[in-house]
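Chains as they are written, first to last, in the working numbering: chain A, 3 to 953; chain B, 2 to 247; chain C, 1127 to 1419. A short write-up of the structure that comes next.
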Ligand SMILES: Nc1nc2c(c(=O)[nH]1)N[C@H]1C(S)=C(S)[C@@H](COP(=O)(O)OP(=O)(O)OC[C@H]3O[C@@H](n4cnc5c(=O)[nH]c(N)nc54)[C@H](O)[C@@H]3O)O[C@H]1N2
Ligand SMILES: Nc1nc2c(c(=O)[nH]1)N[C@H]1C(S)=C(S)[C@@H](COP(=O)(O)OP(=O)(O)OC[C@H]3O[C@@H](n4cnc5c(=O)[nH]c(N)nc54)[C@H](O)[C@@H]3O)O[C@H]1N2
Ligand code: SF4
Ligand code: SF4
Ligand code: SF4
Ligand code: SF4
Ligand code: SF4
Ligand SMILES: [Mo]
């Protein structure tokens, strides 16, 4: 008898058409193939989304969120039309209005401010992928009050990287996944580079390379690490400097690398009487000074053929000036950094630190790799080979979201540099437009002139007191107090301070708060309940303390309920976007790349891409750049802007397929060139992106490699070659210290002097997280953290019918020691208290966890009524936010002042400094605080979902 | 047909690397995405936006903690879908013949138009690899993407399961485990791939690769770095000599 | 396993129904006329009612006929055939008695045998599920048969037989529970074998794949407290066996016969509830069944 089985069609038609665009379920920006099928009505509908194999970022793979994008696109929480608030703030009661009415309202509020006091507009955008455009709009408006989310996210990582080595892990760097042999990951749960990190780890695993995970929590990437270092939160800096101690003590540092490519040989001014004490000596032409080992004489660091001497000294006017490297030896060989000294504080045995240092040294020096690829450096020296130290590091918010994060991030970079593993094979590599030193970035601008644009870009890098954003009377010029003595190097602004400062009228009152894509009334704020109150507080006259709030969201989020005017955005499949080299592109270490989004389906609602709405609004306000000479609207929409806008002649938002001239004929070329009306079509034809590969001789040593420098100029990353050396000694920090010591005309307020002296050290140091000094560590002995769930993106994920089944609630994970100490059993609840507030939440046991640390998944808790969820959704009844326990200000200490809960250097929000105590309570059956429901302007989602377009 | 074929021409299946899986759930939603739009009825979700959402999924990721005798606890992310067993009890219990194992490749499938939704096959599966669709009320299980792996409308390189194609970490491998020379069979041999619950006698085709040993040398006193100097001045002496040699 | 009402009703009622038919087939009591009609009607109502109830469990009852196709491998399919054949044989037997007053004894014996076979086949639907170790044992069939016979004896008014069968079944059930309690552990399936990670150490679920429930957890990871179960077992033994026996031993038991039957029925329903509720499926190993529970 032959075996009978049904005949099935194993070759069904997959779709009617594939349109290739860019994912937007997170900031990783993977390429996607959107499969469309005609529905019964003949309309093209999204049927299936998969990764684009040709795409430089994801090479075909997609994460959980990306694959569930269809449910995001079809979310019942999508806003449907512009809305005007009808109930009180926070109620969620709205009336749908036309776009014309929405623009009229916005113009009515904004026009008078612009004409009289543009700073009264605070325009802050969240995880904005169009910052080069939104900041340009804000600049044209003339307000100094613009920033995106970097200040509460990872500015420590970004700024420390850029100030130290001209590039950061944060979106702009990656380990050399193909070559690294030992990879150390500090404080990463997911990162922006979601898929590339997973792909990279997969490569390491395939090759059997070793992965060390440094994280109080062993989940996700740390779960597959070959070795887990369950460090005490906030002590990574100490751990890293102890590794530095061990390596230096053993002479296991890359001397040639340090001598050639860093400021280790540069001489430090050691004259205590000098106003430049602690700054770097310069030659007459203003170049950093080294001793040339060939001649024994001082020379400019970049003089052709110079051999900078790491042990160089210079005696001048009776004072000996030594090299940076000697200062480092003095500092880090001190027993204060010996493993035995630091072990207890870090929570590791001393021999483990020794052993990891030995591992690093072994792989870096004994397992070094060489690539037969000659290259020429900026001194004109030709190198026959590329020498690699196959040790690499990656880190993110686990080290950066602490108030000692900037120095910790710097310490990590110093460690990498000492090993010679930055921009060398097997180490860490930059992605264009990086490397680019801090000095090549603009400085912050804040000069306001009514009716006129701001004097320059808002955000940038300060190099000393002169660059601070202070008014003539020394007050903060910006509403978020970025670039002030409190946080002098706050390169990304401080969005987390905007609402509380605006509410307090400190440094001044504002009129309109305009936000985009940031759920500030919920998970992106510290002190969430307090922020909701600030947003809805009224003054004596019965008016709202923050008079007007305009907000653009695509979905019915918690923040929507607090706005007066809503500009509804499209979903990511319905609009144009550009992921630009002017901004945060999708480059890889081997290539420059940028990408677009385009409407693969048209919106079925009265919504508009936010950037297009800004273009309309800009034109109605008559902002320069947004209107023609005749006052007409200059760009039809964002697509028109993407094609035609030029930042500098020949450089526009997109680098691919620009128009050039060759032999008198116009041709298409990449990088520089004039606008091409068909540019977007070219992108679409190419799968939604453009890639320009870096030539082989330019693939490594980019900061010093002339082939790279020339290539970067050619494609328009910068206008002339700009090689530089890494800043082990970070002079800007020292300049602020000098001011605190009394030098210079711009002086910090007295109450900040000591803090600046203590924390803005030009060489990386470690100090305990600031909260430790403000909160009694005996009463609050436990560290409380959050992690990103891989399958959720902040608050947006919960509207996704598939993803919310994975993370519909978030227990508080408790380590074995505390679990037993409190007699917890499965199903128990706990009250968690910080000096600022308390929450009551369900607990669960986790053994692979630092014994003094508790944690939960970030942003799963939801306010009732938000996201089109039913009011009894587990996100609202069992889910919770840790944010209620975290304040934007530290508790007052002796001086009666309340410091911002931020890194004293960059202002990065110190989310992970949090200390709490915990006690078991009877189950209240509902997590607390239980914020009353908001009305859903979009109703609630359907009971059943059966997603199928085909038959 | 609920009789199992005496043997199958191929044994197509998955090999899942527990040393590499980071627990990202990408395979879960890509599976749902492909299979809701393709083979059989949509994979639906009940109470999708409410208090107790329940949807059908063909692949789910569990996370386990393992406490070794010494050393810290370990976390292992553990994907699980149908193992396409050779002795599939889910097939033989099926009263209608809806469940069957294909002769040509060993894939275990449900012919949904024959399924009465009795649930017995789900009971019979020791692994929890079958789920009743909450809306359609027919039995759902991993199809091994039978409508992808032979699909001539897909480019050759895409003729693999959706979950394998999407896995960012490369923790999932697809191939013929009946062919000892296939990549997957080699991987299983090299890495000591194992069966889940072999005592259940189901002879799973899918194999799991164990996590590599972890935290190995934590307490071992490995050779530390030899100091060149204990003091900064000693260090400078060493530095001078070292620089001379360069 | 989830104790679904439809399945509990099915196994309980059809067990009783076929049990009664066994006795009627063997001629205990040797009914005729209206009496026969009533007895057979009760028996058929129970057996058929149970079968109908079982279809409530189906996602697609309209396709139920397809279930007859796979008798070669599937106990559920065999169950369908067995029930139909048995009911036809007994139907013929009963029809002849009721309509024509004609009793073909061998036909009754055949029917009785078929009834027992049907009960056995029903039991094998559960007894063949290896992934539920508590069920995968000969005692499952033995107990199904014992229940059918003792219930049948009770319903057919065979007092001495009923007393003996009830007592034996009660004791058997007690022993079966004790033995069943150890069977999951004895099956050798543990969280360690389920994950293959036992060589590293003790395995514990850290996070379930989805934070809410799913079909598997609802259908197969039913958890009842141990204390609760013990109490229910005692009540079940009391109602299903002790009370009916005591009643039957009373001199005026005739007046209380209905009570004895009712008590037995309730008791059996509870044992059946426990039969499902206490049955642990190996899938629970993937959902955090701890070694102790
Ligand atoms: N899936 C998903 N991806 C995302 C996001 C998302 O919401 N979902 N959000 C995106 C955004 S905005 C950002 S900023 C990035 C952030 O990406 P990550 O930097 O990965 O951010 P977190 O999830 O906050 O992870 C912080 C990690 O640091 C650890 N940690 C905390 N304190 C310490 C410490 O003192 N030392 C060490 N060594 N580790 C510590 C925590 O345990 C946690 O694992 O992710 C982006 N990617
Ligand atoms: N406890 C704790 N809190 C944290 C952190 C932490 O680690 N722990 N991390 C912090 C960090 S790093 C970050 S970046 C923030 C992130 O916090 P948020 O920036 O608030 O992140 P989301 O919740 O994603 O909110 C973004 C908003 O954008 C909306 N949105 C989504 N898509 C679109 C679109 O296409 N157009 C428009 N106009 N809007 C859209 C969403 O609906 C949502 O309301 O959270 C911070 N909060
Ligand atoms: S990592 Fe995931 S969510 Fe982010 S862009 Fe890529 S596929 Fe989309
Ligand atoms: S996609 Fe890969 S890494 Fe992610 S959960 Fe699935 S198997 Fe694991
Ligand atoms: S894993 Fe379960 S469903 Fe799949 S073949 Fe084996 S027994 Fe059947
Ligand atoms: S649920 Fe469907 S596939 Fe499963 S045993 Fe019943 S009829 Fe067969
Ligand atoms: S093989 Fe296909 S059906 Fe099976 S788990 Fe993977 S994606 Fe899902
Ligand atoms: Mo962030």
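For each residue, glycine too, the CB sits at the ideal point set by N, CA and C. Keep in mind it's a predicted model, so treat the numbers as computed, not measured.
The beta carbon of residue 132 of chain B is closer than 8 Å to those of 57, 58, 59, 123, 140, 141 and 142 in its chain, skipping five residues each way along the sequence. Nearest neighbour of residue 519 of chain A by Cα position, chosen from A/507, A/513, A/765 and A/497, turns out to be A/497. Scanning B/128, B/212 and B/192 for the CA closest to the CA of residue 1326 of chain C turns up B/212. Closest option to residue 223 of chain A, judged by alpha-carbon separation, among A/193, A/243, A/245 and A/350: A/193. Using beta-carbon distances, residue 1338 of chain C counts as an interface residue toward chain A, with a partner under 8 Å. Under the 8 Å criterion on CB atoms, residue 78 of chain B is classed as interfacial with respect to chain A. Beta-carbon to beta-carbon, residue 1322 of chain C and residue 197 of chain B are separated by about 6 Å, close enough to satisfy the 8 Å threshold.
At a cut-off of 4 residues, the continuous stretches assigned as alpha helix (DSSP H) that sit fully inside the segment 118 to 179 of chain A are 133 to 143, 152 to 155 and 157 to 167. By the C-beta density criterion, residue 186 of chain A is buried, having at least 16 other C-beta atoms within 10 angstroms. Just measuring C-alpha positions, the residue of A/199, A/12 and A/51 sitting nearest residue 25 of chain B is A/199. Per the coordinates, the alpha-carbon of residue 67 of chain B lies some 12 Å from the alpha-carbon of residue 79 of chain B. The segment 596 to 611 of chain A and the segment 567 to 587 of chain A touch, with three or more beta-carbon pairs separated by less than 8 Å. Relative to ligand 7, the beta carbon of residue 178 of chain B is positioned no closer than 7 Å to any heavy atom. Against residue 166 of chain B, the close residues of chain A are 52, 53, 62 and 63, in the order they occur along the chain (beta-carbon pairs closer than 8 Å). Chain order gives the chain A residues near residue 1332 of chain C as 848, where near means a beta carbon separation below 7 Å.
Boundaries of the beta strand (DSSP E) harbouring residue 24 of chain A: 19 to 24, taken from the DSSP string.
Approximately 3 Å separates the beta-carbon atoms of residue 1296 of chain C and residue 1367 of chain C; this is inside 8 Å, confirming the contact. For the set A/257, A/145, A/939 and A/395, the Cα lying nearest the Cα of residue 242 of chain A is the one of A/395. Contact check for residue 82 of chain A against residue 608 of chain A passes: the beta carbons are separated by less than 8 Å. Three or more beta-carbon pairs drawn from the segment 159 to 167 of chain A and the segment 436 to 452 of chain A are found closer than 8 Å, and the two stretches are therefore classed as touching.
The beta-carbon of residue 9 of chain A is placed no less than 8 Å from the nearest beta-carbon of chain B. Short of 6 Å from the beta carbon of residue 87 of chain B, and not among the five residues preceding or following it, lie these beta carbons of its own chain, in chain order: 204. Taking 8 Å as the cut-off, the Cβ atoms of residue 215 of chain B and residue 107 of chain B do not count as close. Secondary structure remark: continuous alpha helix (DSSP H) runs of at least 4 residues inside the segment 68 to 140 of chain B, in chain order: 90 to 93 and 121 to 125.
Restricting attention to A/402, A/265, A/717 and A/906, the CA atom closest to the CA of residue 488 of chain A is found in A/906. Within chain C, the residues whose beta carbon sits less than 9 Å from that of residue 121 of chain B are 1200, 1201, 1202, 1251 and 1255, listed in sequence order. Here DSSP, grouped into helix, strand and coil, assigns residue 1307 of chain C to helix. At the C-beta level, residue 922 of chain A and residue 849 of chain A stay beyond 8 Å of one another. Under the DSSP assignment, residue 1241 of chain C falls in the alpha helix (DSSP H) whose first and last residues are 1231 to 1253. Not one heavy atom of ligand 3 sits closer than 7 Å to the Cβ of residue 128 of chain A. For a cut-off of 8 Å, the C-beta gap from residue 465 of chain A to residue 734 of chain A is around 5 Å, short enough to register as a contact. In chain order, the residues with a C-beta atom nearer than 6 Å to some heavy atom of ligand 3 are A/25, A/27, A/28, A/30, A/31, A/32, A/60, A/64, A/65, A/67, A/68, A/196 and A/197. Between residue 1310 of chain C and residue 1188 of chain C, the gap from beta carbon to beta carbon reaches 8 Å or more. Interface with chain C (8 Å Cβ-Cβ cutoff): residue 232 of chain A is excluded.
Neighbours of residue 67 of chain B in chain C, taken as residues whose beta carbon is under 7 Å from its own, are 1323, 1326, 1327, 1328 and 1329 in chain order. Taken atom to atom, the span from the alpha-carbon of residue 589 of chain A to that of residue 401 of chain A is near 24 Å.
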